[in-house]
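Just so we're aligned: the sequence shown equals residues 333 to 690 in our numbering.
All C-beta atoms in this analysis are idealised placements derived from N, C-alpha and C, irrespective of residue type, glycine included.
Report on one structure; see the data block that follows.
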Amino acid sequence: MLGALSLLACVRGAPRTPPSSVASAPRALRSDGGGDSVSEFAVGRAVLRVSLAPDAPSVMVGEPSYVTLVIENAGAEAVTLEYSWMGRNELGRPSNYSIEAQDAQGAAVPVPPIGPEFGGQSWNVTLDPGHSRRTRMLLSLWAPFARPGRYALALRTTMPARAASMTAAVETAFSARAHIDVRPENPADFSAMIAALEARAQRSDEDAPRALVWIRDPRVIDALVRLASRPLAGETVSYLFALGRFDDERAVAALERSLRVTAADLDPSRYANDSLREQSAQSLRLTSAQALDRSPHARALTVLLSLREDRNDNVRLTVLHRAARLPRAQSEPVIRAMLSDRYALVRQEAERYLRELR
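Below, the structure is given as structure tokens:
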């Protein structure tokens, strides 16, 4: 398949272990003239067969695209892979994978910053002989293609691996190279793509919400508004937050409506008790306030500042933080009014901001 990525793995930094425990160098399994290939490398008696392929050989400019990394154990013993420190961040991109895309002239596609990081997660996966592990990655988080053309892709990551007969894991470095074609945007195809993603999201397809909230084109707003208005689902918060990036009245109006959500609006059958249902409602309201905080639309500020006396402590704290970024003539009255807030943290932050003004 055009665009399938072949991974070449190499082992480095092997610990002091018996000879039988040291992973051998990778050996090519298959490579044809079309660029499709699979790499394999040995760890003990385990043979890991590795491939990575895009969902489609080509994508439109502005279209979210996925790739799938597959690691299959084609050997004679189990092997444990350490997925170490899969960083969490505002962008939602695993920080231990690096993917670079270059056009035909060798110019790299700018990789978006990941934003604030929120720690990381690590876990182990044990593959028995004949079993495989599939990892889905939203390629657009590394390579948001803005122009049509043919692009060379290079993926790098490291992953400790330990076969059942080994006493310690071997740090393994992977690199991958392939090509993907990016075609010009077609308005009709772009609208159809958004409609298809929305339909998949309604069916709880886990890839579709991540793709939809990545799209920066305002043509996605109506789909986000409809999805955010559905009964509470796991992705509702991400839809609301994504609406905050658009300078559009439709987005602000949807966030304003979400601010009026109460526990009574949520399906009680999905909660063990009323307290949890109330927490979910307040979480949606806080997300809407935070989305208004980041919104570039002029009316978003007015809506947010109207929440100075909201019953949710964290909503009022969001209001204070936003007010503190305004010119002094606008910010100081709000800060002074919140010096007597019932929530201690709001009062403390108001005092800090007032000291900074002085």
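Assuming residue i and residue j form a contact by the criterion Cβ under 8 Å, report the distance between their Cβ atoms to the nearest whole angstrom.
i, j, result
"Ala-669", "Arg-648", "Not really, about 11 Å apart at Cβ, beyond 8 Å."
"Glu-758", "Ala-621", "Since the first and last residues shown for the chain are 333 and 690, residue 758 lies out of range."
"Val-393", "Val-514", "6 Å"
"Ser-590", "Leu-572", "6 Å"
"Ala-406", "Val-379", "5 Å"
"Leu-471", "Ser-397", "5 Å"
"Leu-544", "Met-469", "Actually they do not touch by this definition, with Cβ atoms about 17 Å apart."
"Glu-688", "Leu-652", "About 13 Å; that fails the 8 Å criterion."
"Leu-671", "Arg-660", "Incorrect: roughly 16 Å between the Cβ atoms, too far for contact."
"Val-584", "Val-635", "7 Å"
"Phe-477", "Val-391", "7 Å"
"Ala-574", "Thr-568", "Between Thr-568 and Ala-574 the Cβ distance is about 11 Å, and since that is not below 8 Å, they are no contact."
"Asn-644", "Leu-618", "6 Å"
"Leu-384", "Ala-527", "That belief does not hold up - the Cβ atoms of Leu-384 and Ala-527 are roughly 29 Å apart, past 8 Å."
Just grab the DSSP bridge partners of residue i for me.
i, result
"Ala-433", "Leu-485"
"Glu-414", "Asn-456"
"Thr-467", "Leu-401"
"Glu-683", "According to DSSP, which records beta bridges pairwise, Glu-683 is partnered with nothing at all."
"Glu-449", "Asn-421"
"Met-711", "Residue 711 falls outside the range modelled here, since the chain spans only 333 to 690, and no answer is possible."
"Asp-440", "Checking the displayed sequence, the identity of residue 440 turns out to be Ala instead of Asp. Answer is Gln-434."
"Ala-406", "Looking at the DSSP assignment, Ala-406 forms no beta bridge with any residue, so it has no partner."
"Arg-494", "Thr-412"
"Pro-386", "Val-399"
Would residue i count as contacting chain C if we go by Cβ distances under 8 Å?
i, result
"Ala-510", "Annotation note: the requested chain C is absent from the structure, which comprises a single protein chain."
Less than 7 Å between C-beta atoms, sequence neighbours within five positions excluded: which residues of the same chain meet that for residue i?
i, result
"Glu-395", "Met-525"
"Glu-422", "Ile-446, Gly-447, Pro-448"
"Ala-501", "Glu-414, Pro-492, Ala-493, Arg-494"
"Pro-480", "Val-393, Val-514, Arg-515, Pro-516"
"Asp-539", "Tyr-398, Arg-468"
"Glu-683", "Leu-671"
"Gln-534", "none"
"Arg-674", "none"
"Ser-570", "Pro-541, Val-545"
"Asp-549", "Gly-394"
"Ala-439", "none"
"Asn-646", "Leu-618"
Which same chain residues, not among the five before or five after residue i, have their C-beta less than 6 Å away from its C-beta?
i, result
"Ala-655", "Ser-663, Val-666"
"Val-443", "Trp-474"
"Ile-403", "Leu-380, Val-382, Arg-465"
"Tyr-685", "Ala-656, Ile-667"
"Leu-633", "none"
"Ala-410", "Thr-458, Asp-460, Ala-496"
"Trp-546", "Pro-396, Ser-472"
"Arg-542", "Leu-470"
"Pro-347", "With a pLDDT of only 35 at Pro-347, under 50, the local geometry of the prediction cannot be trusted, and no value is derived from it."
"Leu-624", "Leu-587, Ala-632, Val-635, Leu-636"
"Arg-425", "Ile-446, Leu-473"
"Arg-532", "Ala-540"
"Thr-412", "Asn-456, Thr-458, Arg-494"
"Asp-364", "In this prediction, Asp-364 scores a pLDDT of 36, lower than 50, which makes its location untrustworthy; no coordinate-derived value is stated."
"His-463", "Asn-405"
Can you list, in chain order, the residues of its chain with a C-beta nearer than 8 Å to that of residue i? Leave out the 5 residues immediately preceding and following it.
i, result
"Ala-613", "Val-593, Thr-594, Ala-595, Asp-597, Leu-598"
"Leu-564", "Leu-598, Asp-599, Arg-602, Ser-612, Leu-616"
"Asp-387", "Ser-397, Tyr-398, Val-399, Thr-400"
"Glu-530", "Ala-540, Leu-544, Ala-555, Arg-558, Leu-559"
"Ser-522", "Ser is not the amino acid found at residue 522; the sequence shown has Phe there. So the list reads Met-392, Gly-394, Glu-395, Asp-549, Arg-551, once near-sequence residues are dropped."
"Asn-328", "Residue 328 is absent from the model: the chain starts at 333 and stops at 690."
"Arg-582", "Ile-553, Asp-554, Val-557"
"Asp-696", "This structure cannot speak to residue 696, because the chain is shown only from 333 to 690."
Consider the C-beta atom of residue i and the heavy atoms of the ligand SAH; say whether any pair is separated by less than 7 Å.
i, result
"Ala-682", "By its list of ligands, the structure shown contains no ligand whatsoever, and the ligand SAH lies outside what it can speak to."
Does the region 474-493 come close enough to the region 428-447 to have 3 or more Cβ pairs within less than 8 Å?
-> yes
Can you list the alpha helix (DSSP H) stretches of 4 or more residues lying completely in the region 580-653, in chain order?
-> Correct list: 581-590, 606-626, 630-637.
Pair every Cβ in the region 566-585 with every Cβ in the region 620-638, then say whether three or more of these pairs are closer than 8 Å.
-> yes
Whole runs of the alpha helix (DSSP H) within the region 512-565, excluding any shorter than 4 residues | Correct list: 519-534, 539-546, 553-560.
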